[in-house]
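Below is one structure; the comments refer to it alone.
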Amino acid sequence: MKKISATLNPFIKPLFLLFILLSSLTCRAGAVTADTAVVSAIKQSVNSAADNGANFPASVKRFYERGLLQPAWINTANQKLTTDAMLLLDCVLQYGLSHADFHPQELTYDQLKAIVEQPQTVDVKTKARFDVLLTDAMITMINYLHYGKLNPYYDGAKVDQGAGDIDAATVLQKALKNGRLDDILNVQPKVQAYADMQAYMRLWKGQFTGDCYEEPTGDVEKVALNMERLRWALFNSESYLWVNIPSFTLFYRNGNAVEQFRVIVGKPSTPTPTLNSSITYFTTAPEWKVPAKIFARELLPKALKDADYLENNHYAIYNRKGNFIEPSKENLATITANPAGYYARQSAGCDNSLGLIVFRFNNPYDIYLHDTPQQALFAKDERAFSHGCIRVKNARKLATLLLVNDKAAAKVAAMETALDTYDTKDFRLKTALPIKITYVTCTIKEGQVQNLPDVYNRDKALALALFMKDKTRNQPLAEH
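Count the sequence shown with mature numbering (1 follows the signal peptide of the UniProt record, and there is no 0) and you get residues -29 to -1, 1 to 451, in order.
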């Protein structure tokens, strides 16, 4: 067990500071008040926040302009909230964040003590900068807890301009108005996997002095990486499909009910991308337009080798005008020399590569969630075999659940008929269902970290970026 050092435990420190700071303020009422000089200095600091190292300068400016440029932290009336804010910064590693991202060289207890106890010794510019940087630190914490630091869909600049489903400046204002700074923690993902990780971090990085100032390693680093990834998924609804690549599993949540399905994901050479989208419909007995790379690299070589391959597997080749091309040896040689001028389709049937059902969602990668005739692969523990699409076991059951929970149970019989007769038919959902595809490489089970395979070897790069070991800051990471 670690020994407690002589310095103050971060959980005791705010009580000590409150006693010292408030005692001094009793004798010095109004010593640190918002005068015109402070307001003017805050205005100047806010207008140059980007140049002064603020992570979210536009958000900081919005915050102060709504409050008429009054200081948020160095007023005598706000000292408890100021101490609460400093405590939160002490404890950021409990939330999988890096202390280095929160202005640690300038937001010190010594500086705060000097501003409160000896305001005449601290120049106005320093007071204003402390106030502005503490605001930026709180806004940074809100954004990092909700969106993550390296979100590939919402980068720091986009979030700073108010994109997304929350505005950190507004969240902070409400927390200060209510006198409950801990309210900012409510922006974290509402998913059990994340709550389990945060509980683990609180246990291991919240009990002893200096815990949150250490360099994260081992399981702590692993959990921090995956808390970050879960933030990118923006779990903010009661119903969703969640595909986690390293666990080869699809979770379908509808309210409190959760169903699990085995999935097959992309090979390391053709990885499944991470993304957020929504399923709007599914198709029974789908035709499959073969992706260009598969057409050129796999389908044509097989067709040249076996004259019956295309017919036996229900493929047909067309030119760009949509005209059918007879798959003679001569034609195949011509097509192979210029595959970009042609494409192939596979007709509906039990051995169609998409199986009997494909679930459709918008994405820039042209991937699907679909059934498969290759059911034997689901028996394997690690299932990274596809070209990037996600194959799901028991696709018929999943489709039935989607209809029933969409209050369209009456359509189940029609779906069953379409499947049994290989009838190509679309079934549209009344309410689009969010789908999250993540790359989470650990879970917490009975308080212990359970590692999942790092299928695409992404953990190291994320650790370097998240904890600034490569000096990147506030830049999105392309894990998709």
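Glycine included, C-beta positions come from ideal geometry on N, C-alpha and C.
Quantities reported herein were computed from a predicted structural model and do not represent experimental measurements.
| Check | Outcome |
| --- | --- |
| Rounded to the nearest angstrom, what separates Arg33 and Ala140 at their Cα positions? | 7 Å |
| Just to confirm, is the Cβ distance from Arg316 to Ala278 under 8 Å? | no |
| Whose C-beta lies closer than 7 Å to the C-beta of Gly135 among residues of the same chain, with five residues either side of it excluded? | Tyr118, Tyr125 |
| Since Ala108 is in the alpha helix (DSSP H), which residue starts that stretch and which ends it? | 95 to 117 |
| So if DSSP puts Trp44 in a beta bridge, which residue, or which two residues, is it bridged to? | According to DSSP, Trp44 bridges with nothing at all. |
| Counting only the same chain and skipping the five closest in sequence on each side, list residues whose C-beta sits under 7 Å from that of Pro42. | Ala5, Val9, Ile13, Asp102 |
| Classify Leu433: buried if its beta carbon has 16 or more other beta carbons within 10 angstroms, exposed otherwise. | buried |
| Based on the DSSP output, what are the partners of Val329 in its beta bridges? | Thr254, His341 |
| Since I believe Asp55 is in contact with Leu143 (beta carbons under 8 Å), could you give me their beta-carbon distance rounded to a whole number of angstroms? | About 12 Å separates the two Cβ atoms, so there is no contact after all. |
| In angstroms, rounded to a whole number, what distance separates the CA positions of Arg399 and Tyr252? | 4 Å |
| Beta-carbon within less than 8 Å of Ser357's beta-carbon, same chain only, minus the 5 sequence neighbours each way: which residues are those? | Ile235, Val236, Gly237, Lys238, Thr241, Thr243 |
| Given that a residue counts as buried once 16 or more other Cβ atoms are within 10 Å of its Cβ, and exposed if not, what is Gly326? | buried |
| Can you tell me whether DSSP reads Ile137 as helix, strand or coil? | coil |
| Mapping the DSSP letters down to three states, classify Asp397 as helix, strand or coil. | strand |
| In angstroms with no decimal places, state the Cα-to-Cα distance between Gln231 and Tyr313. | 39 Å |
| Go ahead and label Lys368 buried or exposed: buried means 16 or more other beta carbons lie within 10 angstroms of its beta carbon, across all protein chains shown. | exposed |
| From which residue to which residue does the alpha helix (DSSP H) around Leu73 run? | In the sequence as presented, Leu is not what sits at residue 73; that position holds Phe. Taken as a continuous stretch (DSSP letters only), Phe73 belongs to no alpha helix (DSSP H), as it is neither H nor E. |
| Which of the three DSSP states is assigned to Asn197 in this structure? | helix |
| Alpha carbon to alpha carbon, what distance is there between Arg100 and Phe438? | 25 Å |
| For Glu199 and Tyr336, I'd like the C-alpha separation in whole angstroms. | 23 Å |
| Which residue's Cα is closest to the Cα of Lys401: Ala146, Leu373, Pro257? | Leu373 |
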